[in-house]
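Everything below concerns the one structure shown next.
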Amino acid sequence: MIDVLYFAWVRERIGLPRERIETRAATVADLVAELKAREERYAAAFADTRALRVALDQELSDFSAPLAGVREVAFFPPMTGG
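Numbered according to the UniProt record's numbering, the sequence shown spans residues 1 to 82.
What follows is the structure, encoded as structure tokens:
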């Protein structure tokens with residue numbers, strides 16, 4: 001089981017702040033493909049992954065990263081600072 005967290009407009013499109021899912025995904029990209037196949041709201045949220053960032057266990061990562069041993073995946077838009 002993996003905890004999946006959604007932030008900002010990703011949360012708004014999916015309608016959930018977090019969920020716990022069972023997955024066979026080997027990578028973040030595989031997980032995104034599984035989620036997109038679930039429902040239209042997921043497909044809309046993950047339509048353009050170039051507009052998203054991902055963190056695995058609270059560390060920035062990328063979509064090709066393996067999920068082995070990961071307990072938490074977070075999706076969010078790019079952040080800006082000032």
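We put the beta carbon where it would ideally sit given N, CA and C, even for glycine.
Are the C-beta atoms of residue i and some chain C residue less than 7 angstroms apart?
i          : result
tyrosine 6 : Protein chains in the displayed structure number just one, and chain C is not present.
By a C-beta neighbour count over all protein chains shown, 10 Å radius and 16 as the cutoff for buried, is residue i buried or exposed?
i          : result
alanine 74 : buried
leucine 60 : exposed
For residue i, I'd like the list of residues in its chain whose CB is within less than 8 angstroms of its CB, leaving aside the five on either flank, ordered along the chain.
i             : result
tryptophan 68 : Note that residue 68 is alanine in the sequence shown here, rather than tryptophan. Same-chain partners within the cutoff: Ala26.
Assuming residue i and residue j form a contact by the criterion Cβ under 8 angstroms, report the distance between their Cβ atoms to the nearest whole angstrom.
i                : j            : result
arginine 24      : aspartate 3  : Contact flag wrong, Cβ pair sits at about 16 angstroms.
phenylalanine 76 : alanine 29   : Contact flag wrong, Cβ pair sits at about 17 angstroms.
aspartate 62     : valine 54    : 7 angstroms
aspartate 57     : glutamate 72 : 5 angstroms
Enumerate in chain order the residues of its own chain whose CB-to-CB distance from residue i is below 6 angstroms, with the five nearest sequence positions on each side excluded.
i            : result
lysine 36    : Tyr42, Ala43 and Phe46
methionine 1 : Arg20 and Glu22
proline 11   : The sequence given here places arginine at residue 11; proline does not occur at that position. Answer for arginine 11: Pro17, listed in chain order.
leucine 5    : Arg18 and Ala74
For the beta strand (DSSP E) containing residue i, list its first residue and its last residue.
i                : result
phenylalanine 76 : 72-76
arginine 53      : 53-56
leucine 67       : First-last for leucine 67: undefined, no H or E at that position.
aspartate 3      : 2-6
Review point. Can you give, in chain order, each stretch of the beta strand (DSSP E) that sits fully within the stretch 10-39 and has at least 3 residues?
Key: 18-21
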